[in-house]
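Chains as they are written, first to last, in my numbering: chain G, 3 to 494; chain F, 25 to 651; chain A, 188 to 288.
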């Protein structure tokens with residue numbers, strides 16, 4: 003199985019982007035150098051993750067890779083990383099989307115080295131989140147992720163960037179603090195019970211808690227995750243953050259940041275507090291359904307394309323969480339697959355929106371029209387990803403959606419039926435967008451050029467992936483079977 | 025030959041579609057056209073070549089796994105059986121002719137690659153529906169045809185109305201898909217499989233109440249694609265697309281997908297009498313509704329669109345009456361003569377100088393090449409149900425099935441069917457007279473019709489006229505071939521006494537004669553358009569669009585606005601903004617304490633010192649008192 | 188001890204209150220500084236008294252330290268007063284309120 007040499011790969015995954023980030027920052031004022039540096043870094047990471055995927059794609063029980071070292075011994079904090087099938091896929095996604103994001107940020111000229119440095123720092127944070135299995139380590143990476151994003155929105159964003167960045171930061175901070183308190187409380191409770199003070203996830207899972215204690219601590223963790231996900235009613239930061247963030251930032255935001263919340267629930271909140279989870283699942287399901295509808299309706303009235311897709315992301319996350327709330331193996335695998343497919347489809351759309359904006363100077367639906375007549379290739383790809391996002395069978399999102407729906411129907415037929423209804427509303431906002439932007443008479447700013455080679459290079463792999471995931475998702479489902487079974491085994 | 029080769033039938037058009045979409049614009053026009061036609065034609069040939077695979081139980085072929093998770097295991101699998109084979113042959117055959125016609129029709133359009141790409145993709149998706157072995161693969165095709173229909177209705181996208189018609193078609197059919205989707209999920213959770221044959225085999229074990237609901241869900245799903253009440257509003261607008269598209273998608277194939285779905289799931293739906301009655305009722309209502317709308321239409325393609333809706337209503341009635349063979353029979357003959365009528369209408373529009381309005385045509389009999397009148401007439405007599413044509417036999421079979429059904433309520437449906445037949449005969453001949461008879465009323469400059477647009481009409485005219493041979497009733501010496509071919513999937517075998525059959529045939533002849541006579545009397549000489557309240561009501565399709573706008577679109581818009589502005593903006597952000605401004609206000613209050621003046625700081629310091637001192641003294645005194 | 192310890196403490200307290208009053212009441216920076224010095228001296232007096240009373244040398248050591256600190260403090264403070272007067276032409280403390288919220 004392991005065709006790779008014995009190297010601490012996980013540490014490498016975290017350290018490489020960090021090194022790249024530092025080098026980029028050092029390459030100050032030498033834009034081209036920093037671009038190539040960032041590209042090389044992300045490319046190497048991507049190659050490594052592909053290697054890991056090939057070696058460990060067959061899945062397996064327990065940790066596929068595991069690293070452990072003493073960090074702060076006095077408080078029982080360890081540097082321990084672990085990778086199972088779920089984190090394998092998310093690490094792969096992170097590496098892929100960062101490669102895309104670096105390519106997509108080629109047009110950035112203002113302080114490019116710093117921007118790229120932050121982007122790579124973000125990658126460090128994300129890799130850490132997906133790999134850490136010590137709660138303090140997880141928390142550190144959780145915060146590491148926050149700062150680059152805040153700066154990227156606040157410095158390279160649109161006109162309302164300050165407010166948007168502040169809103170993002172305050173929301174995220176409120177969640178993190180709740181998590182921190184819950185985390186320390188759990189640490190102390192566990193220490194009092196067993197006498198060994200530790201932050202290791204596996205150890206903390208053995209803590210005996212009363213139901214009220216569990217619910218309280220669970221809420222602390224869930225608040226952080228629900229804000230990041232975002233679950234209605236904690237979602238209003240996302241449309242603003244999206245509308246103001248630069249293209250590659252937006253790719254990261256939808257593609258990965260939102261997924262950390264879901265991942266946190268899967269990896270930490272549910273396994274740590276099984277009783278509270280059982281208690282909270284119906285509520286989670288109802289909130290997820292509310293979000294699914296609410297955001298789909300909200301998206302219908304948006305005029306800014308970025309905002310529209312921010313709402314669309316919220317809506318998709320609703321479906322992902324619905325799958326988790328169904329607590330059923332097919333639904334879970336569908337949810338995790340949907341995380342990947344949504345990240346790719348929506349990520350590609352954000353890249354495309356940036357390209358449209360670059361050409362026309364706007365991304366308001368009512369100011370755009372008749373794009374097909376001017377840039378058919380760009381429009382065709384836009385249509386492809388929009389249709390994928392709409393859940394057309396044969397394209398990526400459908401595979402995840404149908405698994406979620408089929409799985410959810412097994413345990414909650416009413417939820418699943420309602421979720422199917424929401425599909426119509428997804429079609430409504432997507433078709434309204436396509437009709438407004440791609441079809442219609444040619445008007446407004448004339449576009450003088452279609453896709454450039456660099457843009458082809460970004461979009462073609464994503465298009466291939468969208469079709470591949472739609473028609474043959476098996477390689478991405480296989481590594482999920484065992485971890486999901488394991489996670490579901492414990493409770494309801 | 026291995027059975028996997030069956031996949032070539034749908035995949036060839038797909039491959040051609042991909043080639044055309046990716047490289048079509050960079051290749052010579054002739055190459056794009058040849059690829060498109062050749063792909064579909066080869067599929068037709070392959071269907072004939074593989075015909076033997078469909079005998080008996082049919083053949084199942086698997087290409088590979090699509091989705092596998094938990095207990096779900098869906099493969100890319102197709103089943104070529106007695107029901108699928110004639111349908112496949114019809115789809116590929118008619119599509120080949122229409123592709124040929126389209127080569128002529130689109131010869132001036134610059135965007136040919138997109139057109140042929142989408143048309144080929146449509147054939148692929150339609151064949152996927154026809155050949156699907158499980159419901160999920162069927163759903164893949166189901167959504168695929170919707171997508172291609174969307175892209176082709178709005179093909180001339182620079183007119184926003186066309187794009188809107190496409191969006192409307194996609195949206196309305198998607199509403200139907202919701203019900204289909206729920207039925208799919210439910211069937212999986214009941215039977216643990218998505219394979220159509222296995223579901224049908226297990227159908228008897230499902231409780232009757234659930235079967236009723238499932239039938240209704242499948243019916244609503246079929247209604248969306250087949251433009252039946254209440255999801256019918258999109259079809260008339262869909263005529264905004266190029267004429268070959270109307271002929272292929274909105275007459276011959278896609279709109280009959282709903283009927284095909286019901287035929288496929290027949291073992292399941294036939295278990296519920298309520299569901300069957302509902303199917304018949306929907307079919308009857310739609311048939312009558314669409315026929316009345318067709319009476320007042322002014323655009324030639326809209327007349328045909330409403331007539332399609334009406335004829336598909338007949339097919340629904342056939343399924344509801346329990347005769348799958350009757351439904352399939354009408355489906356096939358209808359596909360031939362309706363595709364013919366649409367393509368002939370395209371020629372007519374061409375001849376009239378791109379004039380759509382039949383009130384501005386007239387006198388085309390003299391100007392047109394004589395063969396056009398004959399082929400159009402061939403289609404018209406089939407549609408009107410003139411004796412001995414294909415349409416006559418298939419329609420008559422359905423009416424007989426309705427009449428002989430045990431349930432008395434079916435007599436009522438039969439009556440609706442008869443009235444609709446009368447209306448059909450009337451509006452068909454109205455169309456013929458308005459287009460061909462009398463003096464020319466329009467001023468359009470006639471175009472010449474290219475060869476490719478002329479000769480595909482002949483095979484279709486022949487097929488339409490002779491379509492009756494497919495399933496000729498025993499009464500007139502036929503062998504009911506289609507019924508026997510379908511075998512176990514044919515549904516109820518309709519039997520009646522010879523006297524009754526002759527009586528109904530006589531009635532049908534009378535109906536056609538009356539319809540023709542009325543049209544002859546009213547429209548032989550054009551006496552100007554009447555514009556009364558009734559005609560306008562019928563012209564607007566019973567104002568269904570306004571109703572939908574009022575009942576659905578506006579409330580939806582309001583809810584959507586509420587979600588965004590009312591909820592997100594006002595409630596959530598508003599609450600947070602209030603919190604933020606409270607924090608700021610309290611900060612402002614505390615800010616006053618920072619005067620920046622040394623004396624006030626010192627005073628505060630002194631007071632604090634005093635306080636602490638006082639407290640220390642108090643505790644000392646208290647402790648002293650305690651002793 | 189020639190002087191009773193109570194007297195020393197009373198003296199120190201009186202001195203402290205005088206210094207405090209001076210600090211609080213006066214607005215001139217110089218006078219405030221003098222008030223602070225007086226309070227420091229009151230504290231030093233109390234320390235010396237206590238040192239003599241308990242026969243411990245610590246108090247006296249601390250007073251020596253205090254004198255050094257006081258001297259340096261005065262040096263810095265006076266330099267600042269000089270600078271402030273140079274900038275604003277006044278040494279009334281309330282005039283320097285740019286740090287208000």
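Every residue, glycine too, gets a C-beta built ideally from N, C-alpha and C.
When the cut-off is 8 Å and only beta carbons count, does residue i lie next to chain F?
i: residue 210 of chain A; result: yes
i: residue 19 of chain G; result: no
i: residue 207 of chain A; result: yes
Do residue i and residue j have their C-beta atoms closer together than 8 Å?
i: residue 421 of chain G; j: residue 291 of chain G; result: yes
i: residue 352 of chain G; j: residue 252 of chain G; result: yes
i: residue 345 of chain F; j: residue 425 of chain F; result: yes
i: residue 136 of chain F; j: residue 56 of chain F; result: yes
i: residue 176 of chain F; j: residue 265 of chain F; result: yes
i: residue 299 of chain G; j: residue 584 of chain F; result: yes
i: residue 240 of chain A; j: residue 203 of chain A; result: no
i: residue 44 of chain G; j: residue 104 of chain G; result: yes
i: residue 456 of chain G; j: residue 65 of chain G; result: no
i: residue 372 of chain G; j: residue 442 of chain G; result: yes
i: residue 304 of chain F; j: residue 437 of chain F; result: yes
When DSSP labels each residue in this structure, what does residue i get in the three-state scheme?
i: residue 219 of chain F; result: strand
i: residue 330 of chain G; result: coil
i: residue 597 of chain F; result: helix
i: residue 348 of chain G; result: helix
i: residue 98 of chain F; result: strand
i: residue 296 of chain F; result: coil
i: residue 237 of chain G; result: coil
i: residue 286 of chain A; result: coil
i: residue 104 of chain F; result: strand
Should residue i go down as buried or exposed, given a rule of 16 or more other Cβ atoms within 10 Å for buried?
i: residue 90 of chain F; result: buried
i: residue 591 of chain F; result: buried
i: residue 216 of chain G; result: buried
i: residue 17 of chain G; result: exposed
i: residue 274 of chain A; result: exposed
i: residue 308 of chain F; result: buried
If you draw a straight line from the alpha carbon of residue i to that of residue j, how long is it in whole angstroms?
i: residue 270 of chain F; j: residue 263 of chain F; result: 6 Å
i: residue 620 of chain F; j: residue 281 of chain A; result: 8 Å
i: residue 588 of chain F; j: residue 428 of chain G; result: 15 Å
i: residue 230 of chain F; j: residue 214 of chain F; result: 8 Å
i: residue 151 of chain G; j: residue 644 of chain F; result: 57 Å
i: residue 31 of chain F; j: residue 395 of chain F; result: 39 Å
i: residue 405 of chain G; j: residue 212 of chain G; result: 35 Å
i: residue 614 of chain F; j: residue 209 of chain A; result: 28 Å
i: residue 68 of chain G; j: residue 84 of chain G; result: 4 Å
i: residue 19 of chain G; j: residue 311 of chain G; result: 28 Å
If we cut at 8 Å on Cβ distances, does residue i have a partner in chain A?
i: residue 623 of chain F; result: yes
i: residue 641 of chain F; result: no
i: residue 626 of chain F; result: yes
i: residue 630 of chain F; result: yes
Any Cβ of chain G within less than 8 Å of the Cβ of residue i?
i: residue 187 of chain F; result: yes
i: residue 132 of chain F; result: no
i: residue 234 of chain F; result: no
i: residue 526 of chain F; result: no
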